[in-house]
Every structure is written in C-alpha cells, then in structure tokens.
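A.B. asks: All residue numbers for the sequence shown refer to my numbering, where the first residue is 1 and numbers rise by one.
Ideal Cβ placement from N, Cα and C applies to all residues, glycine included.
Quick caveat: nothing in here was measured; it's all calculated off a predicted structure.
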Amino acid sequence: MATETPGGKATGGKATGGGHSGIGKIDGGARRFEFDPDRHRVRVSPRYSRFVGMMKLLLPLLALGLVVAVVIWPNELREATGFHLDYVSTDDGGAAELTMLRPRYLGTDARNRPYVVTAARATQDPKDQRIITLMQLQADMAMADGRWFTILADSGVFDQQRHQLRLNGSINLFSDQGYEFNAQVADIDLNSGRAVSDKPVAGQGPFGTLRADRLEVENFGRRLIFQGNVRMHLVAQGRG
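(1) Decide if Gly156 is buried, meaning its Cβ has at least 16 other Cβ atoms within 10 Å, or exposed.
(2) How far does the beta strand (DSSP E) with Ser192 in it extend, from its first residue to its last?
(3) Would you kindly check if the distance between the Cβ of Met232 and the Cβ of Gly205 is under 8 angstroms?
(4) Kindly list the residues whose CB is nearer than 6 angstroms to the CB of Pro114, restricted to its own chain and excluding five residues on each side of it in sequence; keep chain order.
(5) Write down the C-beta distance between Ala212 and Asn229 rounded to the nearest angstrom, noting that I regard them as a contact closer than 8 angstroms.
(6) Which of the three DSSP states, helix, strand or coil, is assigned to Met100?
(7) Quick one: what does DSSP say Tyr179 is sitting in, helix, strand or coil?
(8) Give the single residue among Gln124, Arg147, Arg214 whose Cα lies nearest to the Cα of Ser197.
(9) Looking only at its own chain, which residues have a Cβ that is under 8 angstroms from the Cβ of Asn75, when we skip the five neighbours before and after it?
(10) Would you mind working out which of His163, Arg102, Gly221 sits nearest Asp189, comparing C-alpha positions?
(11) By alpha-carbon positions, which one of Val235, Ile151, Asp187, Thr123 ends up nearest to Thr133?
(12) Quick one: using the 10 Å Cβ neighbour count with 16 as the cut-off for buried, is Arg222 buried or exposed?
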C-alpha cells in the first residue's frame, strides 16, 4: 500500500516520520502507531514540575476526604431528619427567636411507614428544643398498601421526640378514599397513627354526612370511632 510522507513523497510499504525519527512510527500494514517515551524526552519547565509535585500531595488528600465523606455523610443524613432552625428577628422588632420558614420534617412510624410534616413557619421552644410550634402546617401519611391521608391545620405544636402533634384552629383531614373531616382540635400520635378530637367534628364522604362530639382515628384511618350525639345522613348506594 502506498502512503504519503510529510515531505510529499509517496512510498510503498511502511512509512516513517521522516525528520522525526525516534518519536514514533506508523506500520502501514497493521495501521498501528507506536510511541516510545524513552526515545523522545521533552524538557519540563519548573512550573510544570511544581504542579506535578502539588498534585502528588493534593490528590491523596482529596481521596482521603472522599472516603471520609462516603462513610460519614449517610450517618449525617440519618441524623438530619428533624427541624434545623436559625435565629431570625421577629416582625415586631423584638428579640430574635429560633425560627425557620417553610420547614420540612421527614419521619417514619413504628411500622416504618413514612410521614412528612411541613409548615409555613416553625418556632422552637427556648426551654425545650424538642418542642416546635408550627403555623399553617400540613401532615401527610402513607400506608404500605398505597393509601394515604393528609391533615391541614392553622397551627400546631410538634414534639420531635415523641412524634406527637397537637393541632388547633381550623383542622381538615382528607383521605384518598374520598373522606373529609373538620375539627377544631386534635391530638395525633405519628408513631401509632392514632388521632383524637374531643371537640365536635363534622365529616362527609361516599357514605354521606356525619356529625359527632368526639372522633377517634386508629391505624391511620383504618378505623374511625364517633362518640357523643352522633348524627349521620346515609346516602343510598345504587346497584350497578
């Protein structure tokens, strides 16, 4: 096979680099390029030598830092499930308080079912850091079978250690099965999925409408217990 050298002359068989002998050679038959660094040495500048020396020191440190991050970071994430608040000044110019805007709390109950608590604002009790006051909050719970329910409330107090919520104001509970209940106060245990309201409640759903003096929710809505002056209006289900 004929090839053309850098000088412009065509030769047959193998072609070499002409004026650059020792750098490498091209085997025309095997289409292979060979390079021998021992036969071609370039003078290295002092700046490049300093760079190489710095990299020899820096790269092992970076590798060590990466190993430490891989080992420690997952533990830090597991410990970071609570609210982490910063000091911000109050609107009335008073003393700074430990407050966070749009906080988000991720947790699991005793059966490892996930729940999420979010709010517009959270303020930490200066006497007990485990107690968080929440404004305009929402709690979402999910079941293993895919069912879920959501609670909205004007305000509430969250005990991070006990995983308990005390809700006040306008409280609305929604489920994926079409149920909705309204209450004025409620105590929720996020570990067991139990909620109790000792104030009058009203609800509606596929069954019709209902009113009662007291509501108790067990196992995240699997069982509902109404007590005291229960009034129910049932909707007749048509036969298909």
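C.D. replies: The relevant details are as follows:
(1) Here residue 156 corresponds to residue number 156 of the sequence shown, with the count starting at 1. By the neighbour-count rule (16 or more Cβ atoms within 10 Å), Gly156 is buried.
(2) Taking the sequence shown and counting its residues from 1, one reaches residue 192 at position 192. For Ser192, there is no enclosing beta strand (DSSP E), since its DSSP letter is neither H nor E.
(3) Position 205 of the sequence shown, counting from 1, holds the residue named residue 205. Position 232 of the sequence shown, counting from 1, holds the residue named residue 232. Between Gly205 and Met232, the C-beta spacing is not below 8 angstroms.
(4) Counting from 1 along the sequence shown, the entry for residue 114 is found at position 114. Thr108, Ala142, listed in sequence order.
(5) Here residue 212 refers to the residue found at position 212 of the sequence shown. Here residue 229 refers to the residue found at position 229 of the sequence shown. About 7 angstroms separates the CB atoms of Ala212 and Asn229; that is less than 8 angstroms, so the two are in contact.
(6) By 1-based counting over the sequence shown, the position of residue 100 is 100. Looking at Met100 - three-state DSSP - the assignment turns out to be strand.
(7) Mapped onto the sequence shown, residue 179 falls at position 179. DSSP, reduced to helix, strand and coil, places Tyr179 outside both helices and strands of the structure shown, so it counts as coil.
(8) Here residue 197 refers to the residue found at position 197 of the sequence shown. Nearest C-alpha to Ser197: Arg214.
(9) Walking along the sequence shown from the start, residue 75 turns up at place 75. Because the pLDDT at Asn75 is just 43, under 50, the model does not fix this residue reliably, and the value given afterwards should be weighed accordingly. Excluding the 5 residues flanking it on each side, Asn75 has no same chain C-beta neighbour closer than 8 angstroms.
(10) In the sequence shown, the residue the question calls residue 189 occupies position 189. When C-alpha distances from Asp189 are compared across His163, Arg102, Gly221, the shortest belongs to His163.
(11) By one-based count along the sequence shown, residue 133 stands at place 133. Selection Val235, Ile151, Asp187, Thr123 evaluated against Thr133 yields Thr123 as nearest (Cα-Cα).
(12) Here residue 222 refers to the residue found at position 222 of the sequence shown. It counts as exposed.
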